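Notes follow the structure.
Numbering (UniProt numbering), first residue to last: 1 to 120.
Below you can see the structure in the form of structure tokens.
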């Protein structure tokens, strides 16, 4: 599956469902974003079970503000509607693959339990 453009209109719908969604916050003028794009695209072709979304921070400033994106590219991993990873910086392909493996290996019941413990 190729990448999906995420906007304020479809972000919650795409990221709120079960499964893994990776989000690349980027902008047209960003050199590191342009260099990271082919790496992200290759991973999207390898992992058809994962949604690979892209947020153009210029066009979607509301989303960039909502997630306090201060540096791009920023990669965010969402699993079953829960943000489990967010970090600025372009990742080398091996690091992106490692991130995907770690997100796939998460015990989401454990993650939710820990989140519930923090909200009190």
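For every residue, glycine included, the Cβ atom is placed at its ideal position computed from N, Cα and C.
No experiment lies behind these values; they were computed from the predicted model shown.
Quick check on residue 53: does DSSP put it in helix, strand or coil?
strand
Counting pairs of Cβ atoms below 8 angstroms between the stretch 47 to 58 and the stretch 10 to 24, do you hit three or more?
yes
Assess, as a yes-or-no matter, whether the stretch 69 to 80 is touched by the stretch 26 to 36 under the definition of 3 or more beta carbon pairs within less than 8 angstroms.
yes
According to DSSP, simplified to helix, strand and coil, what is residue 69?
coil
When the distance is taken between beta carbons, is residue 80 closer than 8 angstroms to residue 18?
yes
Keeping to the same chain, check which residues put their C-beta closer than 6 angstroms to that of residue 78; ignore five residues upstream and five downstream.
15 and 21
I'd like to check one pair, residue 3 with residue 63: are the Cβ atoms closer than 8 angstroms?
no
May I ask which residues mark the beginning and end of the alpha helix (DSSP H) holding residue 32?
31 to 46
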